[in-house]
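Asker: Once you've had a glance at the structure underneath, I'll fire off some questions.
Numbering (the working numbering), first residue to last: 1174 to 1358.
Spelled out as structure tokens, the structure:
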């Protein structure tokens, strides 16, 4: 019963963060699951299973409101799925003792990057509407997918700031496209 209550509190806390920021469900829930002693591979698998329904619903909602750039979704989502497969394979081959510090370090790095990037630097101006190149989106998808699978979350915290930092897509389309492409990952 204690475990069930802890898992419910983890879900509540992660959803509160995700609902307020629009991202970080995976990062938050993985951090909390690791804190209560869950196996790193099991934490990652559990979170990705829970995200199947939420990413489908989120993608449909963003599509309905016109917040999705389908070229970005395909160009980042397919490499992201490949990166996620590679990350899951990597994580499943690590011992539990080694996986926990690796995941914790990834989660810490993501948090520091997101906070510092937009606190001190801000968004670039004057590049709105310029096309995003495939040579930028494909590696970004690979890295974000790998980090998402090995860290239990990270698709939004890696992909969203990178696309926002480019300044080439309006923020609503960045969030809608990242949320929609996460279904593929």
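The beta carbon of each residue, even a glycine, is placed where N, CA and C say it ideally should be.
With 16 other CB atoms within 10 Å as the buried threshold, where does residue 1250 fall?
Answerer: Its Cβ being crowded by 16 or more others within 10 Å, residue 1250 is buried.
Asker: Taking all protein chains shown into account, decide if residue 1285 is buried (16 or more other Cβ within 10 angstroms of its Cβ) or exposed.
Answerer: Exposed, since its Cβ has fewer than 16 Cβ neighbours within 10 Å.
Asker: Measuring CB to CB, does residue 1214 end up less than 8 Å from residue 1272?
Answerer: Contact flag set, yes.
Asker: Assign residue 1301 to one of three DSSP states: helix, strand, or coil.
Answerer: Coil.
Asker: Buried or exposed, going by whether 16 or more other CB atoms sit within 10 Å of the CB of residue 1225?
Answerer: That one is exposed.
Asker: Pick helix, strand or coil for residue 1262, following the three-state DSSP scheme.
Answerer: Helix, per DSSP.
Asker: Within the same chain, show all residues whose beta-carbon is closer than 6 Å to that of residue 1173, passing over the 5 residues directly before and after it, in chain order.
Answerer: Nothing can be reported for residue 1173, as the shown portion of the chain is limited to 1174 through 1358.
Asker: Assuming residue 1331 contacts residue 1317 under a Cβ cut-off of 8 Å, what Cβ separation, rounded to an integer in Å, is found between them?
Answerer: At roughly 4 Å, the Cβ-Cβ gap stays under 8 Å, so residue 1331 and residue 1317 are in contact.
Asker: DSSP three-state label for residue 1277, please.
Answerer: In this structure, residue 1277 counts as helix in the three-state DSSP scheme.
Asker: In its own chain, which residues sit with a C-beta less than 7 Å from the C-beta of residue 1322, not counting the 5 before and 5 after it?
Answerer: Counting only Cβ-Cβ distances below 7 Å, and skipping sequence neighbours, we find 1217, 1257, 1260, 1261 and 1264.
Asker: Counting only runs of 4+ residues fully inside the region 1194 to 1272, write out the alpha helix (DSSP H) ranges in chain order.
Answerer: Segments of the alpha helix (DSSP H) lying fully in the region 1194 to 1272: 1198 to 1208, 1213 to 1237 and 1243 to 1265.
Asker: Who are the Cβ neighbours of residue 1190 in its own chain at under 8 Å, not counting the five residues just before and after it?
Answerer: Around residue 1190: 1197, 1198 and 1201.
Asker: Just to confirm, is the Cβ distance from residue 1350 to residue 1241 under 8 Å?
Answerer: Yes. Within cutoff.
Asker: Considering only residues of the same chain and omitting the five flanking positions on each side of residue 1236, which have a CB-CB separation below 7 Å?
Answerer: 1353, listed in sequence order.
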